[in-house]
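These notes are about the structure you will find just below.
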Amino acid sequence: MAEIIDGKAVGDDVAATVKRLTAELVAGGGPTPGLAVVIVGEDPASQVYVASKSKKAKECGFHSVQHTLPADTSQADLLKLIGDLNADTAIHGILVQLPLPKHIDAGLVIQTIAPEKDVDGFHFINVGKLGTGELATAFVPCTPAGSMLLIERVRGRDLSGLNAVVVGRSNIVGKPMANLLLAANCTVTIAHSKTKDLPAVARAADILVAAVGRPEMIRGDWVKPGATVIDVGINRIPAPEKGEGKTRLVGDVAYAEAAKVAGAITPVPGGVGPMTIAMLMANTLSSAYISAGKPRPKF
Ligand code: GUN
């Protein structure tokens, strides 16, 4: 049976380090790291995510502000708020929760965030830095950054000689994940819905990252024996066995099958999920350190 990679424990570890380094920064006369989270509309899942981000920020000792805007907020008003947050010296990280309502151009909103406060790592400047291997100064998107920390716990920092397959090519996970694995010397394949013989491609992976958003799509016989499997998917599916109308969370990997074959695997929930939020705190802390002219902490 595979080693179960405990993302909750690693995420707690990261958050504890963030809390300690926040206290050190402030004790040394530096700024209190400030995180602004902006949400537009009433999507229930987004509300849950945003509330947990704000709560974790407070736990870390941050200055945490949340802007909850009505669904009919105009694009101009949202851009104005971002401009104000860009100029606010108490704020080191700005996160605009996606998706945004259809009448707002999400791309424009993201590119309006100052790159040095873009703790999501979605601004072209940060995307370009990651793509060119400028990892020392880039903000890396939180989910792939957290996934990478989990991989390092199992495989170490240098992944030379290993084949990595990332299933999914999104800008938020698949593409940045591939760039991180490449920077760590993996031989990287990005597979997606148009890939021919996906099971065979997946079976070549020493490190298999699933980020497709399709419940339990990746089966046990797609996994190479001993592989490290990182399941980024969080899918809610009906669970009639728990009672009428009940649901449960599953990943993009058929966990029970894959765990019999893999060397190490992340569970859902409790794998990548807790890492995303921990890395948001780490990125915000880094931004505050940089603003104080101090070298950014390494996670
Ligand atoms: N919505 C789902 N994932 C994310 C994320 O990582 N960042 C933001 N801003 N919105 C999201």
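Residues in the sequence shown are numbered consecutively from 243, following my numbering. A virtual CB, placed ideally from N, CA and C, is assigned to each residue, including glycine. Treat the numbers as computed from the prediction; the structure is a model and nothing was measured.
Closest by CA to residue i, which one among the options?
| i | options | result |
| --- | --- | --- |
| PRO338 | SER294, ARG397, ALA278, GLY375 | Residue 338 is actually Val in this sequence, not Pro. Here the closest residue by C-alpha is ALA278. |
| ALA452 | VAL471, VAL443, GLY325 | VAL471 |
| GLU458 | ALA442, LEU404, ARG490, LYS484 | ARG490 |
| LEU320 | LYS297, ILE333, ILE352, SER306 | ILE352 |
| VAL408 | ILE336, ALA447, VAL396, PRO341 | ALA447 |
| THR274 | TYR291, HIS305, ASP285, GLY253 | HIS305 |
| SER402 | ASN427, ILE414, GLU483, SER389 | ASN427 |
| LEU340 | PRO286, ASP439, GLU376, LYS540 | PRO286 |
| PRO343 | ILE333, GLY325, GLN317 | GLN317 |
Any heavy atom of ligand 1 closer than 8 Å to the CB of residue i?
| i | result |
| --- | --- |
| TYR497 | no |
| TYR291 | yes |
| ILE472 | no |
| PHE364 | yes |
| VAL338 | yes |
| SER288 | yes |
| CYS384 | yes |
| ILE324 | no |
| PRO341 | yes |
| THR310 | no |
| ILE414 | yes |
| THR489 | no |
| THR354 | no |
Under three-state DSSP, which class holds residue i?
| i | result |
| --- | --- |
| LEU401 | coil |
| THR429 | strand |
| ARG262 | helix |
| THR470 | strand |
| VAL408 | strand |
| VAL361 | coil |
| ARG445 | helix |
| ILE479 | strand |
| ALA506 | strand |
| VAL256 | helix |
| LEU342 | coil |
| ALA524 | helix |
| ARG395 | helix |
| LYS295 | helix |
| ILE519 | helix |
| LEU377 | coil |
| SER533 | helix |
| ARG389 | Checking the displayed sequence, the identity of residue 389 turns out to be Ser instead of Arg. In this structure, SER389 counts as helix in the three-state DSSP scheme. |
| PHE541 | coil |
| VAL369 | helix |
| ASP319 | helix |
Taking DSSP's pairing of strands, which residues face residue i in a bridge?
| i | result |
| --- | --- |
| SER306 | LEU277 |
| GLY270 | Its beta-bridge partners do not exist; DSSP assigns none. |
| VAL495 | ILE460 |
| THR489 | PRO480 |
| GLY335 | LEU277 |
| ALA452 | VAL409, ASP473 |
| ILE246 | ILE507 |
| LEU311 | VAL282 |
Note down, in chain order, each residue of its chain lying with its Cβ closer than 8 Å to the Cβ of residue i, except the 5 sequence neighbours on either side.
| i | result |
| --- | --- |
| ARG456 | GLY475, ASN477, ASP494 |
| ARG395 | ILE247, VAL252 |
| LYS295 | LEU277, VAL279, LEU337, ILE519, LEU522 |
| LEU323 | VAL280, HIS309, LEU311 |
Who are the Cβ neighbours of residue i in its own chain at under 7 Å, not counting the five residues just before and after it?
| i | result |
| --- | --- |
| LEU424 | VAL430 |
| GLU284 | ALA313 |
| VAL260 | CYS302, MET523, ALA524, LEU527 |
| ALA501 | MET243, ALA244, ILE507 |
| ALA534 | LEU267, GLY272, PRO273 |
| GLY249 | LEU392, THR508, GLY512, GLY513, VAL514, GLY515, PRO516, MET517 |
Can you list, in chain order, the residues of its chain with a C-beta nearer than 6 Å to that of residue i? Leave out the 5 residues immediately preceding and following it.
| i | result |
| --- | --- |
| TYR531 | ARG538 |
| THR310 | ILE281 |
Quick check: does the Cβ of residue i come within less than 8 Å of any heavy atom belonging to ligand 3?
| i | result |
| --- | --- |
| THR315 | What this structure holds is ligand 1, not ligand 3. |
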